[in-house]
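J.: Pasting a structure below so you can have a look.
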Amino acid sequence: MRPDMQRHKSGFFFPFLITLTCHALLAWLLWYGWHQSTQIHKQRQPVMQIGELIMANTVTHDPIEALRQKQAAEKARQAAELAQKKQAEKAKQEMLAKQALIRKQQEELKQKQLAEKRAEEKKQRELAQKAAEEAKRQAELKKQAELAKQAKLREQALLKAEQAKKKEAQEKEAQAQKEELDRRQAQLAAAQQQKEALAKAEAEKKRQATLDAEKRAFEAALESEEQFLGELEDQAKLGSMQALIKTYVEQKWSRPPSAKSGMQALLKITLLSTGEVAGVRVMQSSGNSSFDRSAEQAVHKAGPFRELMDLKPHQREAFREFNMLFKPEDI
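Under our numbering, the first residue of the sequence shown is numbered 14, with each subsequent residue one higher.
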């Protein structure tokens, strides 16, 4: 039983006891008043008998003396009767006063109990209102914390995307500088070849053949280098896209209660050319089925990955089916 309920019951026990006592006292006063009136009524008879006794004991043959004695006896009887009436009236008034006092006390007690009941009801309403307000405040705090967390995750994703974009721009600039250097080198080589051709006219055919061979070798090397640079660009694009997918998956991941620090799972993800998730399969389990299942669910929630449409067709082909190590950073 709660302490406030105990106080509430003890607060009503004593007033109830007082009420019961007042009712008992009122019953006693009623009985006492009735008893007194009965006694007074009984006492009237002896008074009259005393008067008659006086008259009987003082019987005289003198008419005047007999009249005087009779009048004296009557006065004594009337005086005694008046005294008895006054005493009875006084007892009655005292009884009525006590009854009025008890009724007043009962009314005051009733009003006090009513006031205490209303105060207790008001207190309970205030407590309920405070509890509701506190619950609302806690819910708002939780909501704000969740919004702040989502904002931070979005900011981190944007930062990673910006870093990937900056890296791609740097790689493009380096490629352009290299191409310009190759172009100048080619120009210098061509000029040197022309100078040598003019200086050595007699060896034109031999030198021309040599120049043709060198040119073909240079073109082959240039083609090989361009292919290598294209592969580097593809790798940068693929790495940026895979990092973006991983970020989206981690944002949609709901941590299960059994997840522990250091858990990871290797996932095989199959995507359509539109970026929609066609399938997710656990290739290497973390050892925790809840963690593995939460990772699969996070991939489905994160899709579709519309950024895949920005890649070249041969680059998108790399994401038709690929592996991703799922290892959240916030465990």
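A virtual CB, placed ideally from N, CA and C, is assigned to each residue, including glycine. On a predicted model such as this, the values are computed, not experimentally measured, just so you know.
How long is the line joining the alpha carbons of K259 and A187, rounded to whole angstroms?
T.: 28 Å
J.: What's the call for K250, buried or exposed, on a 16-neighbour Cβ count within 10 Å?
T.: buried
J.: Under 8 Å: do the segment 297-312 and the segment 251-270 share three or more Cβ pairs, one atom per stretch?
T.: yes
J.: Got a sec: is the Cβ-Cβ distance from A110 to anything in chain D below 8 Å?
T.: Given the protein chain composition of this structure (a single chain), no chain D is represented.
J.: Please return the same chain residues whose Cβ sits closer than 6 Å to the Cβ of S303, not counting the five positions on each side in sequence.
T.: P269, S271
J.: Report buried or exposed for K156, applying the criterion of at least 16 other Cβ atoms within 10 angstroms of its Cβ.
T.: exposed
J.: Residues in its own chain within less than 8 Å of L127 by CB, not counting five upstream and five downstream?
T.: none
J.: Are the segment 275-292 and the segment 315-324 touching, with three or more C-beta to C-beta distances below 8 Å?
T.: Taking one beta carbon from each stretch, the segment 275-292 and the segment 315-324 have 3 or more pairs nearer than 8 Å; the two touch.
J.: Where does F335 fall in DSSP's three states?
T.: It is a strand residue.
J.: Is L284 helix, strand or coil when you go by DSSP?
T.: strand
J.: Thinking just about the alpha-carbon of each residue, which of A164, A278, Q176 is nearest to the one in S307?
T.: A278
J.: Straight-line CA distance for A141 to Q163?
T.: 33 Å
J.: Report the rounded CA-to-CA distance for R90 versus E129, giving the unit in angstroms.
T.: 57 Å
J.: If I measure Cβ to Cβ from Q198 and keep anything under 6 Å in the same chain, skipping five residues before and after, which residues do I get?
T.: none
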